[in-house]
Amino acid sequence: MKVFLREIHKIFSDGTYALRGVSLEIFPGEILALLGENGAGKTTLMKILAGVYRPTSGEIYVNDKRVRFRSARDALKLGIAMVHQHPSLIPGLTALENLAILEGASLKPISTVLKERAVKISEELGFEIEWDRDVEELPLGVRQRVEIVKALYWGADLLILDEPTTVLSPPEVRSLFQVIKKLRSLGKSIVYITHKIPEVLEIADRVVVLRRGVKVAEFLPPYDPRGLVESMVGELKIERVERIQKPGENFVLEVEDLWIYEGGRAVVQGVSFKVREREILAVVGVEGNGQEHLVEAIVGLRRWRRGVIKIYGRLAYIPDDRLRKALIPEFTLVENAIIGKESEFAKRGIISWTLAKQFATKLIKEFGIVAPGPRAFVRHLSGGNQQKLVVGRELSRGAKLIIAHQPTRGLDVATTEYVHQLLMKARNNGAGILLVTSDLDEAYKLADTIAVIYRGKIVALGPVEEMRVDLVGKKMAGL
Numbered sequence: 023m024k025v026f027l028r029e030i031h032k033i034f035s036d037g038t039y040a041l042r043g044v045s046l047e048i049f050p051g052e053i054l055a056l057l058g059e060n061g062a063g064k065t066t067l068m069k070i071l072a073g074v075y076r077p078t079s080g081e082i083y084v085n086d087k088r089v090r091f092r093s094a095r096d097a098l099k100l101g102i103a104m105v106h107q108h109p110s111l112i113p114g115l116t117a118l119e120n121l122a123i124l125e126g127a128s129l130k131p132i133s134t135v136l137k138e139r140a141v142k143i144s145e146e147l148g149f150e151i152e153w154d155r156d157v158e159e160l161p162l163g164v165r166q167r168v169e170i171v172k173a174l175y176w177g178a179d180l181l182i183l184d185e186p187t188t189v190l191s192p193p194e195v196r197s198l199f200q201v202i203k204k205l206r207s208l209g210k211s212i213v214y215i216t217h218k219i220p221e222v223l224e225i226a227d228r229v230v231v232l233r234r235g236v237k238v239a240e241f242l243p244p245y246d247p248r249g250l251v252e253s254m255v256g257e258l259k260i261e262r263v264e265r266i267q268k269p270g271e272n273f274v275l276e277v278e279d280l281w282i283y284e285g286g287r288a289v290v291q292g293v294s295f296k297v298r299e300r301e302i303l304a305v306v307g308v309e310g311n312g313q314e315h316l317v318e319a320i321v322g323l324r325r326w327r328r329g330v331i332k333i334y335g336r337l338a339y340i341p342d343d344r345l346r347k348a349l350i351p352e353f354t355l356v357e358n359a360i361i362g363k364e365s366e367f368a369k370r371g372i373i374s375w376t377l378a379k380q381f382a383t384k385l386i387k388e389f390g391i392v393a394p395g396p397r398a399f400v401r402h403l404s405g406g407n408q409q410k411l412v413v414g415r416e417l418s419r420g421a422k423l424i425i426a427h428q429p430t431r432g433l434d435v436a437t438t439e440y441v442h443q444l445l446m447k448a449r450n451n452g453a454g455i456l457l458v459t460s461d462l463d464e465a466y467k468l469a470d471t472i473a474v475i476y477r478g479k480i481v482a483l484g485p486v487e488e489m490r491v492d493l494v495g496k497k498m499a500g501l
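Those letters in the sequence shown? Residues 23 to 501, per my numbering, in order.
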């Protein structure tokens with residue numbers, strides 16, 4: 023499939039100017055990597071191509087014919103499908119029902135042929151998916167895998183993947199790359215949105231870089247990694263935050279013999295650990311090994327069968343899914359800024375929006391949130407700026423315990439570094455941090471202590487200097 027986007031502009035209703043005359047060609051049988059820092063406009067551009075957004079101005083051509091999409095269904099009819107960073111599956115339906123819903127037929131019973139084909143595609147990708155389970159019960163990583171299978175099932179000729187490896191394990195990433203290369207060999211086109219330079223080096227036939235809504239560079243192999251980064255973020259100025267002092271003696275979190283059950287099976291099995299002041303304890307593991315259940319129990323969102331959780335002092339929570347667990351996309355930035363803090367801005371039971379606006383403006387300035395102003399709708403912010411809002415809001419609570427679950431998932435180089443700075447500053451100022459991540463580089467960069475979780479059990483725990491990378495990797499894989 024050949025696609026040409028010509029002079030695409032996009033201005034949202036709140037004044038956010040997301041795209042400024044971007045032109046882009048996509049050729050049959052190529053893997054095009056679309057790079058750019060958060061807020062650069064790359065996801066917005068691809069949502070326009072996928073029929074999710076309409077451009078303010080500009081034209082789209084598919085196989086030299088001008089087209090106009092009123093919806094994602096229109097784009098899909100022409101063979102264009104997008105797998106979003108945050109899965110858009112329908113809650114209350116099973117994974118298989120979500121796959122079948124585009125047929126427009128009754129969801130019960132679902133044909134055996136459909137299920138067999140879905141299972142075949144998922145096996146080729148190396149995905150383990152419980153197709154008969156409600157998607158709301160599936161971990162975020164598994165829901166994203168359902169989206170990938172769904173797009174492939176419906177025969178996309180152009181597949182747009184928005185940060186597709188964010189929640190995949192290394193073997194799953196390799197399997198996905200194999201599938202992408204196979205699709206390329208069949209003449210299909212792939213647009214690969216990512217901020218991970220090693221992935222670009224391995225898989226991309228061509229790279230286009232966006233910055234602040236403008237196409238700024240295009241590269242062909244062989245690639246220069248430094249040149250790619252500089253094109254993405256410009257001159258990267260990073261204030262290094264060094265670790266000061268050792269962890270303290272006082273505990274901010276104690277978890278003792280914790281057991282959590284779901285559907286009759288133990289998903290967290292006898293987990294015990296402690297987090298001290300000025301300590302970052304990183305719990306590492308492949309998605310789906312009980313991390314989500316563990317975190318939700320600690321923050322009070324899930325019941326447990328037995329065990330003890332003790333929290334000392336105020337708690338802040340940075341969840342793994344900002345749009346589902348931390349923000350209300352249809353609300354403004356100022357409304358989202360005071361979630362969980364409403365009483366602090368209330369006078370005689372009524373929220374003072376003047377004070378709330380002042381606080382939101384302060385967050386925008388202190389945490390570098392790119393937005394037209396505090397009245398901007400959160401749904402129009404980039405993923406990185408949404409995450410800055412969540413991190414800023416939570417860290418402003420002055421908490422003694424911070425639960426950070428995949429805090430940099432899907433973020434670009436500069437924003438990831440910025441979030442790392444904030445977490446290290448909080449640690450140095452006396453907070454204890456439970457960092458739950460599948461990114462080993464992140465864990466080794468930030469952690470004082472590393473724990474490995476596998477099938478709901480802590481299978482290794484120790485000071486970071488004693489936890490060899492090869493050992494941790496094997497433990498994560500259950501070896």
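The beta-carbon is built from N, C-alpha and C at its ideal position, and this holds for glycine as well.
What you are looking at is a predicted structure, and each value in this text was computed from that prediction instead of being measured.
Just mark residue i as buried or exposed, buried being the case when its beta carbon has 16 or more other beta carbons within 10 Å.
i       : result
Glu-464 : buried
Ala-127 : Only weak support is given to the placement of Ala-127: the predicted model assigns it a pLDDT of 47, under 50, and the value that follows is read from those uncertain coordinates. Per the 10 Å Cβ criterion, exposed.
Asn-451 : exposed
Lys-379 : buried
Leu-258 : Residue confidence is low: Leu-258 scores 49 on pLDDT, short of 50, so the model does not pin down where it sits. No coordinate-derived value is stated.
Asp-279 : exposed
Gln-200 : exposed
Gln-267 : exposed
Asn-120 : buried
Arg-431 : buried
Arg-92  : exposed
Lys-203 : exposed
Ile-70  : buried
Lys-497 : buried
Glu-309 : buried
Asp-154 : exposed
Ser-253 : buried
Val-491 : exposed
Thr-66  : buried
Met-489 : buried
Would you mind stating whether residue i and residue j have Cβ atoms separated by less than 8 Å?
i       : j       : result
Val-213 : Met-68  : yes
Glu-59  : Thr-437 : yes
Ile-340 : Glu-416 : yes
Val-317 : Val-494 : no
Phe-149 : Tyr-83  : no
Leu-242 : Ser-211 : no
Glu-29  : Gly-43  : yes
Glu-240 : Gly-270 : no
Arg-477 : Asn-311 : yes
Gly-286 : Pro-50  : no
Arg-506 : Ala-62  : Since the displayed the chain opens at 23 and closes at 501, residue 506 lies outside it and no answer follows.
Val-413 : Val-441 : yes
His-217 : Asp-342 : no
Give me the residue from the options with the minimum Cα distance to residue i.
i       : options                               : result
Leu-303 : Gln-291, Arg-419, Leu-445 and Val-435 : Leu-445
Asp-156 : Ile-123, Ser-79, Pro-113 and Glu-169  : Pro-113
Gly-395 : Lys-268, Glu-284 and Asp-36           : Asp-36
Glu-487 : Ile-472, Gly-500, Gly-478 and Ile-480 : Ile-472
Ala-173 : Leu-118, Arg-401 and Ser-207          : Leu-118
Pro-247 : Glu-352, Pro-269, Ile-219 and Trp-153 : Ile-219
Lys-410 : Leu-433, Lys-467 and Leu-208          : Leu-433
Glu-536 : Phe-367, Ser-418, Lys-363 and Phe-399 : For the chain, the structure presents residues 23 to 501; residue 536 sits outside this window and is missing.
Gly-329 : Leu-115, Leu-56, Tyr-283 and Ile-202  : Tyr-283
Lys-363 : Leu-337, Arg-346, Leu-345 and Arg-344 : Leu-337
Leu-115 : Lys-64, Ile-102, Leu-41 and Ile-132   : Ile-132
Arg-139 : Val-168, Val-164, Glu-159 and Leu-160 : Val-168
Ile-350 : Arg-401, Thr-216 and Gly-420          : Arg-401
Arg-325 : Ala-288, Arg-344 and Leu-345          : Ala-288
Lys-237 : Val-290, Gly-390, Leu-46 and Val-89   : Leu-46
Asp-506 : Arg-76, Val-141 and Lys-447           : Absent from the model: residue 506. The displayed extent of the chain is 23 to 501, so no value can be given.
So residue i packs on residue j, CB below 8 Å; how close in whole Å?
i       : j       : result
Leu-456 : Ile-480 : Not confirmed; about 13 Å, so no contact.
Ile-182 : Ala-72  : 6 Å
Tyr-334 : Lys-422 : 6 Å
Val-274 : Gly-454 : 4 Å
Val-164 : Ile-151 : 6 Å
Gly-470 : Glu-301 : What sits at residue 470 in the sequence shown is Asp, not Gly. Contact flag correct, Cβ pair sits at about 5 Å.
Thr-78  : Ile-33  : 5 Å
Glu-314 : Pro-161 : 6 Å
Ala-103 : Ala-178 : 4 Å
Quiz item: When the Cβ atoms of the region 318-335 are set against those of the region 353-368, are three or more pairs found closer than 8 Å?
Solution: no
Exercise. Take every Cβ of the region 144-153, pair it with every Cβ of the region 96-111, and state whether three or more of those distances are shorter than 8 Å.
Key: no
Exercise. Check whether the region 222-240 touches the region 395-412, taking contact to mean three or more Cβ pairs, one atom from each stretch, closer than 8 Å.
Key: no
Quiz item: Three or more beta-carbon pairs under 8 Å between the region 380-394 and the region 292-302, yes or no?
Solution: no
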